[in-house]
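Following: one structure in structure tokens, then a few remarks.
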Amino acid sequence: MPAFRDFNFKLLVIEKLMYQDKTLTPAFSIDECLRAKGIEDAQLYAFDNDLDYTVLDEARAHFEALEISEELLATVDTLLIDGGLQVYYECSPVWDGEDDLFDVGSLDDLDLLPNLRRLIGARDCGLGVPFKAEVLAARGIVAD
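The opening position of the sequence shown corresponds to residue 0 in numbering that gives the first Met the number 0, with each subsequent residue numbered one higher.
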């Protein structure tokens, strides 16, 4: 299975495949995961444990270990960059989008998406420090 180098880039791909296309199953739910541990309210748990600006360990472990086949990766032609993504809630249930917690730190993982042609929201949300329109353009990827 292909290995991602940037966790936050992988989250964008997971958002597309798991929560938008519903082809990467089963969908992970932090609420269900925490309920299995006897924690009824993910948001309250995050606030009470000062975890509002971090990825919960349960979510990080799940998403880091999650394998995505080359066949599924080849179906990704568009990625959405937006602070309101479902995968971000599953990682950090009270994250407010006002910091760089989910900024992509590297575009090295573009190699894993041979059919990526569009990044929606790239101009508004950016991709962290390494975002360069010319890198995307050289790969035939439109950033809007």
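Beta carbons: idealized from backbone N, C-alpha and C, even for Gly.
Secondary structure note for Arg-117: its beta strand (DSSP E) is the uninterrupted segment 117–119. Using a Cβ distance threshold of 9 Å, Leu-78 and Lys-15 count as a contacting pair. With a cutoff of 9 Å on beta-carbon distance, Gly-82 and Phe-62 are scored as not near each other. Rounded to whole angstroms, the separation of the alpha carbons of Phe-8 and Pro-25 is 20 Å. In chain order, Ile-29, Asp-30, Leu-33 and Pro-92 place their CB closer than 7 Å to the CB of Ala-41, counting only its own chain and leaving out the 5 sequence neighbours on each side. Measuring C-alpha to C-alpha distances from Cys-90 to each of Val-54, Ala-132 and Lys-131 identifies Val-54 as the nearest.
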